[in-house]
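Comments concern the structure below.
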Amino acid sequence: MECPHCNKKVGLFSKALNKMGKVKLCPHCSGEIKLFVDFKVAAILLVPFVVLSLFVLKPLMIQLGLSGSIATGLATGIVIALSMRLKKGS
Ligand SMILES: [Zn+2]
């Protein structure tokens, strides 16, 4: 993800984004940033990922002796992670 202030990359799992509180600070320019889920992107990604989870992940999980429902949860998590965007904090 890119910072809306300085356009430098900010990692989703970076310390800056995993701090408590709604408003985070960019590690590069200290600008206020907010994390949000872009539902348009999520809607576009959801269908291919659900198909992937049903036909690829689920059989794989069952073969590994795990519950097939983990696949759905995993696919949903990936979709949300990929749909996360940064915007300027108010
Ligand atoms: Zn920045």
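Heads up: the sequence shown begins at 1 in the numbering used here, then just goes up one per residue.
Note that the Cβ used here is the ideal one computed from N, Cα and C, for glycine as well.
- For M1, there is no enclosing alpha helix (DSSP H), as DSSP marks it with neither H nor E.
- Taking the Cβ atoms as the reference, S83 lies roughly 6 Å from L45, within the contact range of under 8 Å.
- Of the candidates G21, L35, K9 and P48, K9 places its Cα closest to the Cα of P27.
- DSSP, reduced to helix, strand and coil, places L12 outside both helices and strands of the structure shown, so it counts as coil.
- Sequence-distant partners of L12 (beyond 5 residues in either direction) whose C-beta falls short of 7 Å from its own C-beta, in its chain, are M1, A81 and M84.
- Here the alpha carbon of V79 sits roughly 10 Å from the alpha carbon of P48.
- In the three-state reduction of the DSSP assignment, L45 falls in the helix class, which pools H, G and I.
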